[in-house]
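Visitor: Can you read through this structure? Questions will come right after.
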Amino acid sequence: MWFNPPAPLARVTLRNPNSGGLLPGIPMLLDSGSDVTLLPRASVNQLGMAAVSEEIYELEGFDGRTSFASAAQLELLFLERTFRGKYLLIDQEWGVLGRDILNLLSLLFDGPRLSWSDQRPIVKK
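When we follow the working numbering, the leftmost residue of the sequence shown carries the number 2, and every step to the right adds one.
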């Protein structure tokens with residue numbers, strides 16, 4: 002288990018938009034309290050991506066502490082969707098899916114079962 006108490010975790014794939022290289026299985030905390038999505042720097046480095054050097058962002062945690070993060074332009078694949086954008090980089094082994102992505106999805110969190118699910122309507126073909 003990654004978190005105590007348990008928290009919703011998803012696995013996403015990152016794609017380098019220049020080379021098309023893929024890195025699957027990146028653990029991401031589903032965090033509706035986070036304004037933005039944060040990616041593990043080590044994962045982005047594995048794709049051969051560099052941070053956008055001229056841009057540094059200030060982050061503030063719930064405890065009031067601040068830190069600084071660079072960003073990288075890439076693609077994030079999750080629930081059969083592709084999200085293209087500039088994502089902040091953090092130095093930890095899991096990332097955070099924030100409201101910049103979560104607000105585009107319909108998810109159901111089932112705390113007692115320690116699960117979450119995609120709530121898109123099923124389209125019959």
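Glycine included, each C-beta is placed from N, C-alpha and C at the ideal position. Keep in mind the model is a prediction, meaning the values are calculated, not measured.
Can you check which of these residues, 122, 119 and 115, is closest to residue 5 by C-alpha distance?
Guide: The option with the nearest alpha carbon to residue 5 is 115.
Visitor: If the criterion is Cβ atoms closer than 7 Å, does the pair residue 93 and residue 109 meet it?
Guide: Going by C-beta atoms, residue 93 is not nearer than 7 Å to residue 109.
Visitor: Checking 7 Å against the spacing of the C-beta atoms, do residue 48 and residue 15 come in under that value?
Guide: Result yes, Cβ atoms of residue 48 and residue 15 sit closer than 7 Å.
Visitor: What are the partner residues of residue 59, as DSSP defines its beta bridges?
Guide: Answer is 69, bridged to residue 59.
Visitor: Quick one: measure Cβ to Cβ for residue 90 and residue 71, integer angstroms, because I've assumed they're closer than 8 Å.
Guide: The pair is a contact, with the Cβ atoms about 5 Å apart (cut-off 8 Å).
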